[in-house]
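Asks:
2 protein chains.
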Amino acid sequence: MTDSRAYHHGDLRRALLAAALEAIEEVGPAALSLRDLARRAGVSHAAPAHHFGDKAGLLTALAAQGFDLLARTLTEADDDLLEAGVAYVDFAVTRRAYFEVMFRPELHRADDAELVAARGRAGAALRSGVAALPTGGAPADTDRDALAAWSIAHGFATLWLAGALPDRVGDNPREAARAVLSRLAT
Amino acid sequence: MTDSRAYHHGDLRRALLAAALEAIEEVGPAALSLRDLARRAGVSHAAPAHHFGDKAGLLTALAAQGFDLLARTLTEADDDLLEAGVAYVDFAVTRRAYFEVMFRPELHRADDAELVAARGRAGAALRSGVAALPTGGAPADTDRDALAAWSIAHGFATLWLAGALPDRVGDNPREAARAVLSRLAT
DNA sequence: GGGCAATCTTGCCACTGACAAGTTTCACGA
DNA sequence: TCGTGAAACTTGTCAGTGGCAAGATTGCCC
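Chains A and B are the protein sequences, given in the same order. 2 is the number of the first residue of the first sequence in my numbering; add one for each residue after it. 2 is the number of the first residue of the second sequence in my numbering; add one for each residue after it.
1. Confirm the yes/no value for this check: CB of alanine 126 (chain A), any heavy atom of the ligand PLP, distance under 7 Å.
2. Where do the N-terminal and C-terminal ends of the alpha helix (DSSP H) with leucine 160 (chain A) fall, by residue?
3. Buried or exposed: which applies to proline 167 (chain B), given that a residue is buried once 16 or more other Cβ atoms fall within 10 Å of its Cβ?
4. Near valine 102 (chain A), what residues of its chain come up, given a Cβ to Cβ distance below 8 Å and the 5 sequence neighbours on each side ignored?
5. Who are the neighbours of isoleucine 153 (chain B) on chain A, taking C-beta pairs under 8 Å?
6. Between the Cα of alanine 21 (chain A) and those of A:Ala147, A:Tyr99, A:Gly164, A:Leu75, spot the shortest distance and give me the residue it belongs to.
7. Can you give me the start and stop residues for the alpha helix (DSSP H) that serine 129 (chain B) sits inside?
8. Output, in sequence order along the chain, the residues in the region 21–36 of chain B whose CB is closer than 7 Å to any CB in chain A.
9. Could you tell me which chain A residues have their CB closer than 7 Å to the CB of proline 106 (chain B), listed as they occur along the chain?
10. Does the beta carbon of threonine 159 (chain B) sit closer than 8 Å to a beta carbon anywhere in chain A?
11. Mind checking the region 88–100 of chain A against chain B and listing, in chain order, the residues whose C-beta falls within less than 7 Å of any C-beta there?
12. Go ahead and pull the three-state DSSP assignment for valine 44 (chain B).
13. Under a Cβ-count criterion, where at least 16 other Cβ atoms within 10 Å of its own Cβ denotes burial, should glycine 34 (chain B) be classed as buried or exposed?
14. So the candidates are B:Ala163, B:Gly124, B:Asp144, B:Asp172; which of them puts its Cα closest to the Cα of threonine 76 (chain B)?
15. Report the three-state DSSP secondary structure of alanine 20 (chain A) (helix, strand or coil).
16. Would you verify that the beta carbon of arginine 40 (chain B) is, or is not, closer than 8 Å to some beta carbon of chain A?
17. So is alanine 65 (chain A) in contact with chain B if we call contact Cβ pairs under 8 Å?
18. Helix or strand or just coil, what does DSSP make of histidine 10 (chain A)?
19. Using the three-state DSSP reduction, which class does glutamate 107 (chain B) fall into: helix, strand or coil?
20. Can you confirm whether the region 81–89 of chain A touches the region 145–165 of chain A when touching is taken to mean that 3 or more C-beta pairs between the two stretches lie within less than 8 Å?
21. Of the residues A:Pro174, A:Ala132, A:Ser129, which one's Cα is nearest the Cα of threonine 159 (chain A)?
22. On a Cα-Cα basis, can you pick out the residue from B:Glu84, B:Glu27, B:Arg15, B:Thr74 that is closest to phenylalanine 53 (chain B)?
23. Buried or exposed: which applies to valine 117 (chain B), given that a residue is buried once 16 or more other Cβ atoms fall within 10 Å of its Cβ?
24. Can you check whether the CB of alanine 72 (chain B) is closer than 8 Å to the CB of arginine 122 (chain B)?
25. Considering valine 170 (chain A), what are the terminal residues of the alpha helix (DSSP H) in which it resides?
26. Quick check: the Cα distance between arginine 120 (chain A) and arginine 120 (chain B), rounded to an integer number of angstroms?
27. Note down the Cα distance separating alanine 165 (chain A) from aspartate 144 (chain B), rounded to an integer number of angstroms.
28. Check each candidate in B:Glu176, B:Val170, B:Leu17 and name the one with the smallest Cα separation from glycine 58 (chain B).
29. Report the neighbours of aspartate 146 (chain A) on chain B: residues whose CB is nearer than 7 Å to its CB, in chain order.
30. Taking only beta carbons into account, state which residues of the region 41–64 of chain B come closer than 8 Å to chain A, listed in chain order.
31. What does a CB cutoff of less than 6 Å around histidine 46 (chain B) pick up in its chain, not counting 5 residues either side in sequence?
32. Given that arginine 110 (chain B) touches chain A, what residues does it touch there, using C-beta distances under 9 Å?
33. Does any CB atom of chain A fall closer than 8 Å to the CB of valine 181 (chain B)?
34. Skipping 5 residues on each side, what residues in its chain have a beta carbon closer than 7 Å to that of alanine 115 (chain B)?
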């Protein structure tokens, strides 16, 4: 978290992560090239390896950042499950590069300590939003409800990103998500 | 649908698609190598190009096959939306290679005629299942309901495949899906 | 039986990720 | 102040990949 330009070529680690976000938005996470990132940052092709080990290492760092951001996003809307769901979809669409790396275990190291911690924070934010839901007297099955809420938000976001949804859904993800998610929130 | 070994090396096109399914199960669609498929089929590295043009061409054919299979699967359970949802999740888990290619537009050519047709059939099967749902007197918003049903099933399937679900969900996807999907089917 | 088109092979090029070994730059203590 | 060791980065190399071009083989059809 140092913000000073240091060492030979500046804050390379940070520069590479930023370049990775850009590149992923352009070509997707699978087509990401470490050598391209090095070129964007103005360093040699082997420089990234020094900071991240390999490609999976870089994407693991990115995924951890992403879960951290998502956790913060969800916490802000925590008292309103519908809005939390909308925020989830909005996160997926506006921070697409993060989202795609986060949910592709073959791209990163899922057992990385920092990643696990960040993912845990995001999961906790999600579950606390569901637990705060009024149950209307009926006994709540928080596990099941959380899973259902997560599934519908995640599914809508994924389908949106995949371009799989029909045109009639429109081009405003927040609005479309709110309509669909409200079907669950009774 | 010819089943006879024909031509120089047999039914290469079919053999390559089968090899691709295997390989994707093993290493994922992104790490798929055409040269590896050629090796598995016992042909030279350039043989696949003749049948599919390039990698995207092969995956497009695979995606079309997948949508066709999915359409048939959904049609079989068409009178029961919950069972159709369970079948959707089951398809994703048991025919994972198809599913992953189908919903990754960067891997295939989304405007391929055969793909578009097959995807249309799957979409129609989904919507007809929702339209057949009893509305309980209230005016149905089929579009929204179909989207919600699709989203929750797709989201659960995607999270399952990503290994993102907590352990307590268990290891039986059909059972777990039924519990979660029933939350929507009121 | 002869031509022809579909099928497949060989050879090549640019690109990639990973590794090894060398070089530059900085930090820190004697 | 200096020099020594570590961190940061470079250069060079290798095997593997996708895609293209050009050639060889095979089966089909008139």
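For every residue, glycine included, the Cβ atom is placed at its ideal position computed from N, Cα and C.
Replies: Let me lay it out:
1. Of ligands this structure carries none, so the ligand PLP is not represented either.
2. Taking the first sequence and counting its residues from 1, one reaches residue 160 (chain A) at position 159. Counting along the chain, the alpha helix (DSSP H) containing leucine 160 (chain A) begins and ends at 143–163.
3. If you number the second sequence from 1, residue 167 (chain B) lands on position 166. Answer is exposed; the Cβ neighbour count stays below 16.
4. Working through the first sequence from its first residue, we reach residue 102 (chain A) at position 101. For valine 102 (chain A), where only same-chain residues beyond five positions count, the Cβ hits under 8 Å are Ile25, Pro30, Leu60, Leu63, Ala64, Gly67, Leu108, His109.
5. Translated into the one-based positions of the second sequence, residue 153 (chain B) becomes position 152. Within 8 Å Cβ-Cβ: Ala149, Ser152, Ile153, Gly156, Leu185.
6. If you number the first sequence from 1, residue 21 (chain A) lands on position 20. Its Cα nearest to that of alanine 21 (chain A), the residue A:Tyr99 stands out among A:Ala147, A:Tyr99, A:Gly164, A:Leu75.
7. Sequence index remark: in the second sequence, residue 129 (chain B) carries index 128 (1-based). 114–132 is the extent of the alpha helix (DSSP H) around serine 129 (chain B).
8. Cβ proximity to chain A below 7 Å picks out Gly29, Ala31 from the region 21–36 of chain B.
9. Here residue 106 (chain B) is taken as the residue at index 105 of the second sequence, counted from 1. Listed along the chain, the chain A residues whose CB falls inside 7 Å of the CB of proline 106 (chain B) are Ala163, Gly164.
10. For the purposes of this step, residue 159 (chain B) is identified with residue 158 of the second sequence, where counting begins at 1. Yes, because at least one Cβ of chain A sits closer than 8 Å to the Cβ of threonine 159 (chain B).
11. Cβ contacts with chain B come from no residue of the region 88–100 of chain A.
12. For the purposes of this step, residue 44 (chain B) is identified with residue 43 of the second sequence, where counting begins at 1. It is coil, neither helix nor strand.
13. By one-based count along the second sequence, residue 34 (chain B) stands at place 33. Per the sequence shown, the amino acid found at residue 34 (chain B) is serine instead of glycine. Per the 10 Å Cβ criterion, exposed.
14. Position 75 of the second sequence, counted from the start, is the residue given in the question as residue 76 (chain B). Ranking the options by Cα distance to threonine 76 (chain B), first place goes to B:Gly124.
15. Numbered from 1 along the first sequence, position 19 holds the residue referred to as residue 20 (chain A). Correct three-state label for alanine 20 (chain A): helix.
16. Against the second sequence, residue 40 (chain B) aligns to sequence position 39. Not an interface residue.
17. To locate residue 65 (chain A), count along the first sequence from 1; it is residue 64. No, alanine 65 (chain A) does not count as interfacial toward chain B.
18. Against the first sequence, residue 10 (chain A) aligns to sequence position 9. Collapsing the DSSP output to three states places histidine 10 (chain A) in coil.
19. Here residue 107 (chain B) refers to the residue found at position 106 when the second sequence is read from its first residue. Of the three classes helix, strand and coil, the one that applies to glutamate 107 (chain B) here is coil, per DSSP.
20. Result yes; three or more Cβ-Cβ pairs closer than 8 Å.
21. In the first sequence, the residue the question calls residue 159 (chain A) occupies position 158. The closest CA to that of threonine 159 (chain A), considering only A:Pro174, A:Ala132, A:Ser129, is found on A:Pro174.
22. Taking the second sequence and counting its residues from 1, one reaches residue 53 (chain B) at position 52. Checked all of B:Glu84, B:Glu27, B:Arg15, B:Thr74; the closest Cα to phenylalanine 53 (chain B) is B:Arg15.
23. By 1-based counting over the second sequence, the position of residue 117 (chain B) is 116. Looking at its Cβ environment, which holds fewer than 16 other Cβ atoms inside 10 Å, valine 117 (chain B) is exposed.
24. Residue numbering aside, residue 122 (chain B) sits at position 121 when the second sequence is read from its first letter. Residue numbering aside, residue 72 (chain B) sits at position 71 when the second sequence is read from its first letter. Yes, the pair counts as a contact, with Cβ atoms nearer than the cut-off.
25. Residue 170 (chain A) sits at position 169 when you count from the first residue of the first sequence. Segment: none, valine 170 (chain A) is in no alpha helix (DSSP H) and carries neither H nor E.
26. The residue labelled residue 120 (chain A) in the question sits at position 119 within the first sequence. The residue labelled residue 120 (chain B) in the question sits at position 119 within the second sequence. Cα-Cα distance, rounded: 34 Å.
27. As a working note, residue 165 (chain A) is residue 164 in the first sequence. As a working note, residue 144 (chain B) is residue 143 in the second sequence. A direct Cα-to-Cα measurement between alanine 165 (chain A) and aspartate 144 (chain B) gives close to 14 Å.
28. Residue mapping note: residue 58 (chain B) aligns to position 57 of the second sequence, counting from 1. Checked all of B:Glu176, B:Val170, B:Leu17; the closest Cα to glycine 58 (chain B) is B:Leu17.
29. If you number the first sequence from 1, residue 146 (chain A) lands on position 145. Residues of chain B passing the Cβ test: Arg184.
30. The residues in question: there are none.
31. Taking the second sequence and counting its residues from 1, the one referred to as residue 46 (chain B) is at position 45. Excluding sequence neighbours, histidine 46 (chain B) sits near Arg36, Ala39.
32. Locating residue 110 (chain B) in the second sequence gives position 109, counting from the first residue. In chain A, no part has a C-beta under 9 Å from the C-beta of arginine 110 (chain B); the shortest such distance is about 13 Å.
33. Mapped onto the second sequence, residue 181 (chain B) falls at position 180. Yes, contact with chain A.
34. As a first step, residue 115 (chain B) must be located in the second sequence, where it is residue number 114. Note that residue 115 (chain B) corresponds to glutamate in the displayed sequence, not to alanine. For glutamate 115 (chain B), where only same-chain residues beyond five positions count, the Cβ hits under 7 Å are Ala65.
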